[in-house]
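Chains as they are written, first to last, in our numbering: chain A, 46 to 246; chain B, 46 to 246.
Working notes, beginning with the structure itself.
2 protein chains.
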Amino acid sequence: MPRIVNHEKKRKSIAEAAWNIIKKEGTEKASIRRVAIEAGMSAGALRHYFSTKDEMLLFIMDYYLEEGKKRSQSKSWSENPLQAVEEVLLELVPIDEEKKIETSVWWILALQSLTSDTLKEKKDEMTNGTYELANSMIEILVLKGILSDSINVKLEKSRLAALIDGLSIHALLRPDVYSPEKVKEVIRYHLETLCNESQLN
Amino acid sequence: MPRIVNHEKKRKSIAEAAWNIIKKEGTEKASIRRVAIEAGMSAGALRHYFSTKDEMLLFIMDYYLEEGKKRSQSKSWSENPLQAVEEVLLELVPIDEEKKIETSVWWILALQSLTSDTLKEKKDEMTNGTYELANSMIEILVLKGILSDSINVKLEKSRLAALIDGLSIHALLRPDVYSPEKVKEVIRYHLETLCNESQLN
DNA sequence: CTTTTATTAACACAGTGTGTTATTATAATT
DNA sequence: AATTATAATAACACACTGTGTTAATAAAAG
């Protein structure tokens, strides 16, 4: 009976409009009204697709995380497991302009999740990503027998996750000190210290 | 000629009022009007001491950083340099409720500094803290001859700073996974890996 | 007692997120 | 083809926000 429009498609187009604003002017400029205008609709119309702002922001993050996943899946990783791990970890760190924006939005949302009720529910889901990926990476290295025997696997997982997110935030806030090259260097250095000397080329 | 009031004292009392709100309800609830009421004055009066909200927030951070410094200066550090370094680093990480609040406000402000013009100027000053402290700690360990010969001092500084801030943010966002004990464990573990085996007790 | 000026209060303004209500448009039913 | 049900949209109202401006108050100095 009703006129039918592709709900999900419209949400995506809204997300893209919002992203354009965020890219240029930051998260807090992406108000519902501004995004609505950018997306070519009224604020009330937008509210029909996202009943709350946090909902919109969450969708945006999910959407762009998906995009990122697709990107990394289509990527071909190195044969050398150590190098492959390094490449995966580099995906988590803002080494180019696009990832910089994604990362800053990400951290802002993550910190907002401490006080916003809407975001609170998704907090763990949001913040778990790096931790799980770090775990996987360590496990891969363990399976491949590359890791030095003296390491504590459990602690290495926690350490790697923290290091990556620390680098992520430093690269964001102090790009002069933590340049993409520097970040890469630190990650490589860290991985090297985990390994048997004999495994290094 | 004019009535005289202690400007700085009033700013501090405002800062404390704001801090009370932030502690209970988060940064974004600390609006000028709310803080003014909490401090027992009108919004216009508050504006006389802080002409902008960012200015107020910056003062609050400075104020509480000073308090933190005083606290750590009055503290007595261990004789064992490795242990002393560990204790200093633990000061940077949200292992108790008070530091949790300080840290979350800190990160929120730091990330806002990416888009807010007022905060932008203070960005480096704000974000440099951990980096410089990490540098000092590594240098102390170098001077004491505790560090293993195989390490790259420069990279270790960057790595430590990133690790500490990463732990800081993880302890904030995932206190279930990164409990105070876990954080301590990771820091200790990291320091141990930097050292000569012979130096460890 | 008057003058001077720091301090305070009271608004106005544009912007925000969030709701509610009315209107439009369209697919299905009669 | 006319009617109807309802998704989609628009247009408000509301209580906030930060930021200004402008007038009133209070107290120290002449």
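For every residue, glycine included, the Cβ atom is placed at its ideal position computed from N, Cα and C.
Owing to the predicted nature of the structure, the values given are computational and were not obtained by experimental measurement.
Query: Give the residues from the stretch 183-195 of chain B that approach chain A closer than 8 Å (Cβ to any Cβ), ordered along the chain.; Result: none
Query: Give the DSSP bridge partners of residue 192 (chain A), in chain order.; Result: A:240
Query: Is it true that the CB of residue 232 (chain A) sits closer than 7 Å to the CB of residue 134 (chain A)?; Result: yes
Query: Examine chain A for any beta-carbon lying closer than 7 Å to the beta-carbon of residue 155 (chain B), and answer yes or no.; Result: yes
Query: Mapping DSSP to helix, strand and coil, what is residue 50 (chain B)?; Result: coil
Query: Got a sec? Which residues, its chain only, sit under 8 Å from residue 92 (chain B) by beta carbon, not counting five neighbours each side?; Result: 77
Query: Taking three-plus beta-carbon pairs below 8 Å as touching, is the stretch 212-220 of chain A in contact with the stretch 199-210 of chain B?; Result: yes
Query: Going along the stretch 63-78 of chain A in order, which residues come within less than 9 Å of chain B, judged by CB to CB distance?; Result: 70, 71, 72, 73 and 74
Query: Measuring straight from C-alpha to C-alpha, what distance separates residue 246 (chain B) and residue 222 (chain B)?; Result: Model confidence at residue 246 (chain B) stands at a pLDDT of 48, short of 50, so the residue's coordinates are unreliable and nothing is read from them.
Query: Reducing DSSP to helix, strand and coil, say where residue 246 (chain B) ends up.; Result: For residue 246 (chain B), the predicted model reports a pLDDT of 48, less than 50, meaning its position is unreliable and no value from the coordinates is stated.
Query: Are the CB atoms of residue 111 (chain A) and residue 122 (chain A) within a distance shorter than 7 Å?; Result: no
Query: Between residue 115 (chain B) and residue 185 (chain B), what straight-line distance do the alpha-carbon atoms span, to the nearest angstrom?; Result: 21 Å
Query: To the nearest angstrom, how far is it from the Cα of residue 187 (chain B) to the Cα of residue 100 (chain A)?; Result: 50 Å
Query: What whole-angstrom Cβ distance do residue 159 (chain A) and residue 240 (chain A) have, given they're in contact under 8 Å?; Result: Not confirmed; about 36 Å, so no contact.
Query: For residue 171 (chain B), which residues in the same chain have their Cβ closer than 6 Å to its Cβ, ignoring the five residues on either side in sequence?; Result: 155
Query: By alpha-carbon positions, which one of B:148, B:153 and B:97 ends up nearest to residue 149 (chain A)?; Result: B:153
Query: Can you look up residue 180 (chain B) in the DSSP assignment and give me helix, strand or coil?; Result: helix
Query: Under 7 Å between C-beta atoms, does residue 212 (chain B) make it to chain A?; Result: yes
Query: Does residue 221 (chain B) come out as helix, strand or coil in the three-state DSSP assignment?; Result: coil
Query: Buried or exposed: which applies to residue 80 (chain A), given that a residue is buried once 16 or more other Cβ atoms fall within 10 Å of its Cβ?; Result: buried
Query: For residue 106 (chain A), which of helix, strand or coil comes out of DSSP?; Result: helix
Query: Check whether the Cβ atoms of residue 94 (chain B) and residue 60 (chain B) sit closer than 7 Å, and answer yes or no.; Result: no
Query: Which first and last residues belong to the alpha helix (DSSP H) in which residue 84 (chain A) is found?; Result: Segment: none, residue 84 (chain A) is in no alpha helix (DSSP H) and carries neither H nor E.
Query: Measure from the alpha carbon of residue 198 (chain A) to the alpha carbon of each residue in B:230, B:173, B:225 and B:191, then state which is nearest.; Result: B:230
Query: Assuming residue 130 (chain A) and residue 236 (chain A) form a contact by the criterion Cβ under 8 Å, report the distance between their Cβ atoms to the nearest whole angstrom.; Result: 7 Å
Query: Are the beta-carbon atoms belonging to residue 74 (chain B) and residue 66 (chain B) less than 7 Å from one another?; Result: yes
Query: Is there a Cβ of chain A sitting closer than 7 Å to that of residue 16 (chain B), yes or no?; Result: Nothing about residue 16 (chain B) can be read from this structure; chain B reaches only from 46 to 246.
Query: Cβ closer than 9 Å: which chain A residues qualify as neighbours of residue 227 (chain B)?; Result: 200 and 203
Query: What are the boundary residues of the alpha helix (DSSP H) that includes residue 154 (chain B)?; Result: 142-157
Query: What residues in the stretch 80-96 of chain A have a beta carbon less than 7 Å from any beta carbon of chain B?; Result: none
Query: In the DSSP assignment, find the unbroken alpha helix (DSSP H) run with residue 136 (chain A) in it and report its ends.; Result: Unbroken run through residue 136 (chain A): none, as it is neither H nor E.
Query: Compare the C-beta of residue 231 (chain A) against all C-beta atoms of chain B and say whether one is closer than 7 Å.; Result: yes
Query: CA-CA distance, residue 58 (chain B) and residue 182 (chain A)?; Result: 49 Å
Query: Can you pull the chain A neighbours of residue 222 (chain B), defined as C-beta to C-beta under 7 Å?; Result: 176
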